[in-house]
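Each residue of the sequence shown is one higher than the one before, counting from 850 in my numbering. Note that CB positions come from ideal geometry on N, CA and C, so glycine has one too. Okay, structure first, notes after.
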Amino acid sequence: MKRVLKWVIFLIIFLLALRGLSSIIGEGEKRDSIYIMNLKDTIIFSESFIKELRSIEKREDIKSVIIRINSPGGAIGASQEIYQEIERFKEKTGKKIICSIENVGASGAYYVSLSCDKTIALPGSIVGSIGVISVFFTAEELFEKIKLKPFVVKSGKFKDTGTPLRKPTDEDIKYLQGVVNELFEQFKQDVVRKKPQLADKINEIADGRVFSGKEAQRLGLIDFVGTFSDAITIAKNLSGIEGEPRIIWPQKRKLRILEEIIGGKISEFIIPLFMLENVQISF
């Protein structure tokens, strides 16, 4: 019995050593790789995406990056920051970045895709929704019913624009419309800068509509219609990878608790509730 136990222990140690050796050999293998990143759900924060992208800057084995998009858009600042970070990464490393839209790549997520070298979507993917939206609510009538009267001290007449404490005035709406229009122009200008062939029809297609992947390709909003496997082939060819590349999938990250609950959607509504300036403006 003792002899059998010794052999079992020896076999376990041998297998663990063999596994460790194969791991060392695998790490030493400098096979050309394609790194996969995810951009999914409502875009609220940019920090985790930027941190992940910067973590692979000096990886010589990674020749290109594929960003897998499944997002309806989100916060303008976060979308613009991710866009700028992708531009910075490409300029610094010279590596290619491909965007692959699975189900949805709309509004802010489509804006991010403009920074990619090539964008591919499935024929049935939802693409586009070029536009800006501002959403807020008022609870003034509710306060009246429960006989609660708020008092606001402010430094300027627009400081509480969008607050739920009162209805917006005509001046408020005009002011917010001006902000939305200015941000909309930024969106359109960046689309045309990246896709100059859309200059003559940008006002026609940038009315908030979404398109199928097939129609988006016909209009020039994306470059290819195809699968994720096709995206890998495009990344491989653009990067000059010979042979079969190693595909690196990122490890699951620990997300902020609000994002963890339901994909970031709950924080989209909770965060503004704790701000006096309660206007949400999103791509």
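Under the DSSP definition of a beta bridge, which residues are partnered with residue i?
i: valine 1059; result: Gly977
i: tyrosine 960; result: BP columns for tyrosine 960 are empty, so no partner.
i: valine 1002; result: According to DSSP, which records beta bridges pairwise, valine 1002 is partnered with nothing at all.
i: arginine 844; result: Nothing about residue 844 can be read from this structure; the chain reaches only from 850 to 1132.
i: threonine 968; result: Cys948
i: isoleucine 823; result: Because the chain spans 850 through 1132 in this model, residue 823 falls outside it and cannot be assessed.
From what residue to what residue does the beta strand (DSSP E) around residue i run?
i: glutamate 951; result: 945-955
i: arginine 1212; result: What is shown of the chain runs 850 to 1132, which leaves residue 1212 out entirely.
i: serine 882; result: 882-889
i: serine 895; result: Premise fails: serine 895 is in no beta strand (DSSP E) and is neither H nor E.
Between which two residues does the alpha helix (DSSP H) carrying residue i extend?
i: isoleucine 1083; result: 1077-1088
i: arginine 908; result: Where arginine 908 is concerned, there is no enclosing alpha helix (DSSP H), given that its DSSP letter is neither H nor E.
i: glutamate 1091; result: Where glutamate 1091 is concerned, there is no enclosing alpha helix (DSSP H), given that its DSSP letter is neither H nor E.
For residue i, which three-state DSSP category applies?
i: threonine 942; result: helix
i: leucine 991; result: helix
i: phenylalanine 1073; result: strand
i: alanine 1065; result: helix
i: isoleucine 1130; result: strand
i: glycine 923; result: strand
i: proline 1045; result: helix
i: lysine 912; result: strand
i: glycine 1011; result: coil
i: lysine 996; result: coil
i: aspartate 1039; result: helix
i: lysine 1023; result: helix
i: glutamine 933; result: helix
Contact check, residue i vs residue j under 8 Å by CB: the rounded distance?
i: lysine 795; j: lysine 889; result: A question about residue 795 goes unanswered here, because the residues of the chain that appear run from 850 up to 1132.
i: isoleucine 925; j: glycine 973; result: The Cβ separation is near 27 Å, so there is no contact.
i: serine 895; j: glutamate 940; result: With a Cβ gap of about 18 Å, serine 895 and glutamate 940 do not count as contacting.
Can a CB atom of chain D be found closer than 9 Å to the CB of residue i?
i: isoleucine 892; result: In the structure shown, chain D does not exist; there is a single protein chain.
I'd like to know if the segment 950-968 and the segment 916-934 are in contact, where contact means that at least 3 CB-CB pairs between them fall below 8 Å. yes
Three Cβ pairs or more, each shorter than 8 Å: is that satisfied between the segment 1088-1100 and the segment 977-994? no
For the segment 1017-1031 against the segment 945-957, do three or more pairs of beta-carbon atoms, one drawn from each stretch, fall closer than 8 Å, so that the two count as touching? no
Spell out a yes or no on whether the segment 992-1008 and the segment 1037-1055 are touching, meaning 3 or more CB-CB pairs, one atom from each, closer than 8 Å. no
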